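Chains as they are written, first to last, in the numbering used here: chain Z, 223 to 613; chain E, 223 to 613.
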């Protein structure tokens, strides 16, 4: 930090105190810039150096317009031309889902690219992160992200996964690659990692710097159910998840048949975030003949409990024999953002205490200043992928 | 058509006439079903057998909510719970962009998947088409659609294309394929053909039925400009399109280097819709050493003129020697929807009259009952692709 920067920070703080007595809004830094994920040519939403989000929309006959971000709603103010404008309090750096509320209607902000998360396709914003270079689109060789459609007999439905193949995959017809199966969280889908997760750019940059082994990444949809009978549908029975069976019996064989994989447990990893961490931990512990590396980002299978985990009973005693677990994993990796809400810190903490008690080696990473959101998971992938397939 | 169907159609017509004298709204068939391109679990928008679009949104404090589709706005009506519902007049079959208007704010309908077109990412709807089977997701081998990022020196910017590779492309390391360069229309982008255009599904189905030669399809972005100087930006000079240079000097060499193409004019085609038809006709006529097949969907380079085309001066006399043009093209193909508005029928008609006068052979196709929209262009691709690389 240089002195000019320090001076500016102090100057700004001083101005705030001077201009706004208690209870009055502070001044707002007028250095807003359009968000990096705006639609082409759209000036709003914008972000300033304080990490506030400002948006603006023409709604001449509306009586209230709100910006709904980070669990809070902020009133926008109408000008004489019918344009409503307003801003949020400072947000965590990284990517956030948000929406607008116009006279009680929750709608996407027409200014942004749309992202699938929180159970809907809707607006998102990027607050520039101090470490954003690791997921930036840079002048390095780029792999491909391919949409792969497949029929699933187990679910009786078409499904889709995205496949990252590293730079050079198409050119070198003989090379074979290890595979990471990488899952999204609840109310998200298979677009999460390739779009807001920026998995491809993170890998392109890591591989260019020779910090990661070139690998294939499969990003599928964690929602998979048995076809329901008419009786079940009439009774509104909650369908049973069969994602584990789909992963083991359909996805992995399809990928090994279609792509140039190294098709053995030594070269196969599985990871996920939140719900995906919970799912993939169950899958890996039930299928240790298939995987040798695991990554749990902001989630463990004891979720949502914060109670002590009993290795004798947890996941049918799969962690009972710590020596055996250590032998079976080349990498057991856990991550958490320092701003994550309950129950994540407690739940993951309880799980880690069990690992320690059992003498099970694992890598633990904390993402500074981020919550249960995508910057945490981008950083997790950066850290995790740099350790994969190296032992 | 069986008798039951005929009876139903007549019955409906009769009821309409009986119940609603001139000037009063007709009854509406209450057989609405959720649109095929709704977000998962979303019940609205819906489409009925008359091809009306009905939508519904919670907006308890709004004073007016409208459905804005096909150039008309339809008022929705509020119920006691604050939910607004209403429907349009019957629409053409196929895909349409649309939006909602809430108290003067134009926003996407939160029920649909979003599509880039009309200069924004926004709502779309599918009116089931009588021939929808040709672009349906079916149990046939599927190719891949891959996102390919590349740095463009000419525009000093990152660009993106989507690449369709046919079934078997990854498995057979020796096979090489002809290539079709396929362009979107104005205010659309490189997502148009792989998303709302369903280019991959049309090709998968054609190839499965052995009606098309397996080929690679490149779907790039038709907007490409020279980097602007500060003076030009200050003067708000309109940038000059350099898409032709980008196509010839950057895109084609990159694709031939990265993919298993048959890299000669005999196995290279170019086509586009509307603005893309205009652009690609100029590109093909300026680069006959590069291409041997052309497709113009709802567009020609004399657009928007409906005047007679003079071959001596049009495109620098490129159509002056009809015998030579016939020799140079394996396929010269034009398409138009029967419901397209001015100036498309007149403009394309004038161009065709010039071709006839010059004795230039071409294939002409009319899509029945469709306008300047995606069902026309899906049908164009079906017809055009089935003729490509066969002579």
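Note that the Cβ used here is the ideal one computed from N, Cα and C, for glycine as well.
As the structure is a computational prediction, the values presented were derived from the model and not from experiment.
Buried/exposed call for residue i, threshold 16 Cβ in 10 Å
{"i": "residue 549 of chain E", "result": "exposed"}
{"i": "residue 599 of chain Z", "result": "buried"}
{"i": "residue 330 of chain E", "result": "buried"}
{"i": "residue 529 of chain E", "result": "exposed"}
{"i": "residue 422 of chain E", "result": "buried"}
{"i": "residue 624 of chain Z", "result": "Lying outside 223 to 613, the shown extent of chain Z, residue 624 of chain Z is not represented and no answer is given."}
{"i": "residue 576 of chain E", "result": "buried"}
{"i": "residue 411 of chain E", "result": "buried"}
{"i": "residue 618 of chain Z", "result": "Given that chain Z is displayed from residue 223 to residue 613, the structure contains no residue 618 of chain Z and the question cannot be resolved."}
{"i": "residue 490 of chain E", "result": "buried"}
{"i": "residue 342 of chain Z", "result": "buried"}
{"i": "residue 614 of chain Z", "result": "Chain Z is shown from 223 up to 613; residue 614 of chain Z falls before or after that span and cannot be answered."}
{"i": "residue 444 of chain E", "result": "buried"}
{"i": "residue 344 of chain E", "result": "buried"}
{"i": "residue 514 of chain E", "result": "buried"}
{"i": "residue 370 of chain E", "result": "buried"}
{"i": "residue 377 of chain E", "result": "buried"}
{"i": "residue 368 of chain E", "result": "buried"}
{"i": "residue 505 of chain E", "result": "buried"}
Simplified DSSP state of residue i, which is helix, strand or coil
{"i": "residue 429 of chain Z", "result": "helix"}
{"i": "residue 467 of chain Z", "result": "helix"}
{"i": "residue 592 of chain Z", "result": "coil"}
{"i": "residue 600 of chain E", "result": "helix"}
{"i": "residue 517 of chain Z", "result": "strand"}
{"i": "residue 403 of chain E", "result": "strand"}
{"i": "residue 422 of chain Z", "result": "helix"}
{"i": "residue 381 of chain Z", "result": "strand"}
{"i": "residue 290 of chain E", "result": "strand"}
{"i": "residue 314 of chain Z", "result": "coil"}
{"i": "residue 543 of chain Z", "result": "coil"}
{"i": "residue 486 of chain E", "result": "coil"}
{"i": "residue 369 of chain E", "result": "strand"}
{"i": "residue 348 of chain Z", "result": "strand"}
{"i": "residue 502 of chain E", "result": "helix"}
{"i": "residue 255 of chain Z", "result": "strand"}
{"i": "residue 497 of chain E", "result": "helix"}
{"i": "residue 448 of chain E", "result": "coil"}
Beta-carbon gap between residue i and residue j smaller than 7 Å
{"i": "residue 439 of chain Z", "j": "residue 386 of chain Z", "result": "yes"}
{"i": "residue 270 of chain Z", "j": "residue 253 of chain Z", "result": "yes"}
{"i": "residue 464 of chain E", "j": "residue 509 of chain E", "result": "no"}
{"i": "residue 441 of chain E", "j": "residue 415 of chain E", "result": "yes"}
{"i": "residue 324 of chain Z", "j": "residue 379 of chain Z", "result": "no"}
{"i": "residue 473 of chain E", "j": "residue 327 of chain Z", "result": "no"}
{"i": "residue 266 of chain Z", "j": "residue 291 of chain Z", "result": "no"}
{"i": "residue 518 of chain Z", "j": "residue 503 of chain Z", "result": "yes"}
{"i": "residue 587 of chain E", "j": "residue 554 of chain E", "result": "no"}
{"i": "residue 417 of chain E", "j": "residue 317 of chain E", "result": "no"}
{"i": "residue 594 of chain Z", "j": "residue 556 of chain Z", "result": "no"}
{"i": "residue 544 of chain Z", "j": "residue 580 of chain Z", "result": "yes"}
{"i": "residue 559 of chain E", "j": "residue 592 of chain E", "result": "yes"}
{"i": "residue 312 of chain Z", "j": "residue 272 of chain Z", "result": "yes"}
{"i": "residue 303 of chain E", "j": "residue 289 of chain E", "result": "no"}
- Message: Counting beta carbon pairs with one atom in the region 332-349 of chain Z and one in the region 246-260 of chain Z, are three or more of them shorter than 8 Å?
- Response: yes
- Taking three-plus beta-carbon pairs below 8 Å as touching, is the region 523-534 of chain E in contact with the region 568-576 of chain E? yes
- Message: Would the region 488-506 of chain E count as touching the region 394-406 of chain E if we require 3 or more Cβ pairs under 8 Å?
- Response: yes
- Hey, is the region 300-320 of chain E in contact with the region 380-397 of chain E, meaning 3+ C-beta pairs nearer than 8 Å? no
- Task: Note down, in chain order, all residues in the region 294-328 of chain Z with a beta-carbon under 7 Å from any beta-carbon belonging to chain E.
- Result: 304, 324, 325, 326, 327, 328
- Count the CB pairs spanning the region 354-361 of chain E and the region 351-364 of chain Z that are closer than 8 Å, and state whether there are at least three. no
- Item | Positions along the region 362-378 of chain E whose CB lies within less than 8 Å of some CB in chain Z | 364, 366, 367, 368, 369, 370, 371, 372, 373
- Item | Short-range partners of chain Z found in the region 461-495 of chain E, where Cβ spacing is below 9 Å | 479, 480, 481, 482
- Which residues, taken in chain order from the region 275-289 of chain E, show a beta carbon closer than 8 Å to some beta carbon of chain Z? 279, 280, 281, 282, 283, 284, 285, 286, 287
- Query: Is it a yes or a no for the region 477-489 of chain Z touching the region 449-467 of chain Z, going by three-plus beta-carbon pairs under 8 Å?
  - Reply: no
- Task: Name, going along the chain, the residues of the region 251-263 of chain E whose beta-carbon falls closer than 7 Å to a beta-carbon of chain Z.
- Result: 261
- Item | Under 7 Å (Cβ pairs) to chain E, residues found in the region 329-361 of chain Z | 329, 330, 332, 335, 336, 342, 343, 359, 361
- Residues in the region 399-427 of chain Z with C-beta within 7 Å of chain E's C-beta atoms, listed in sequence order? none
- Task: Note down, in chain order, all residues in the region 388-399 of chain E with a beta-carbon under 8 Å from any beta-carbon belonging to chain Z.
- Result: 392, 393, 395
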